[in-house]
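Since the structure comes first, as structure tokens, the remarks are kept for the end.
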Amino acid sequence: MQPDATDKKILELLQENAHMTIKEIASRINLSVTPVHERIRKMEREGFIEKYVCLLNRRKLGKSLLVYCHVTLDKQRKESFEEFNKAIAGMPEVLECSVVSGNFDYMLKVVVSDSEDYNQFYQLKLSALSSVLHISSYFVISEIKHTTGIPVG
């Protein structure tokens with residue numbers, strides 16, 4: 001199944017506000033409630049909609065420092081990648097972790113309260129992993145664009 005134009009409008013509205021009711025969505029796209037409900041359920045079943053979440057303001061929660069880390073592993077072995085992946089999965093400071101191509105192996109998006117908090121994370125968690133050879137840290141000064149919305153049109 002590929003989403004049609006109506007499905008894409010529904011997805012855009014849900015990305016804008018996942019708390020929007022089916023009735024509100026129906027009125028915005030000029031459909032009745034039942035077909036909108038059926039379309040949403042189908043997109044959930046098909047995996048186009050993975051889950052519904054609440055986005056938090058990290059600054060209001062005291063997590064004002066955003067850091068990107070480039071991580072290079074010591075050895076390019078399956079065991080090293082598995083150890084690193086398992087460790088990262090248990091670190092709440094890490095919002096995103098991707099295996100990348102290029103001069104390093106992983107790119108992390110880390111959120112902490114301040115530079116001292118990052119230093120603790122860096123020394124006690126990240127650099128403490130035996131599989132890690134090198135870490136480069138990049139502190140975000142200003143975010144130009146931040147969105148969780150995926151273009152569907």
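With UniProt numbering, the residue at position 47 of the sequence shown is 47, and numbering never jumps. C-beta atoms are modelled at their ideal positions from N, C-alpha and C, and glycine is treated no differently. Here the structure is a predicted model, which means the values were calculated and not measured.
Between V100 and Y68, the C-beta spacing is not below 9 Å. Shown here, S32 sits in coil according to DSSP, grouped into three states, outside any helix or strand.
Following the DSSP letters along the chain, one finds I88 in no beta strand (DSSP E) but inside the alpha helix (DSSP H) bounded by residues 78-89.
Bounds of any alpha helix (DSSP H) do not take in Y122, whose DSSP letter is neither H nor E. When the beta-carbon positions are compared, M20 and L31 stay at least 9 Å from each other. V132 and F84 have their C-alpha atoms roughly 8 Å apart. Across the set V33, M43, I49, H134, the C-alpha of H134 shows the shortest separation from the C-alpha of N103. Approximately 6 Å separates the beta-carbon atoms of I25 and I10; this is inside 8 Å, confirming the contact.
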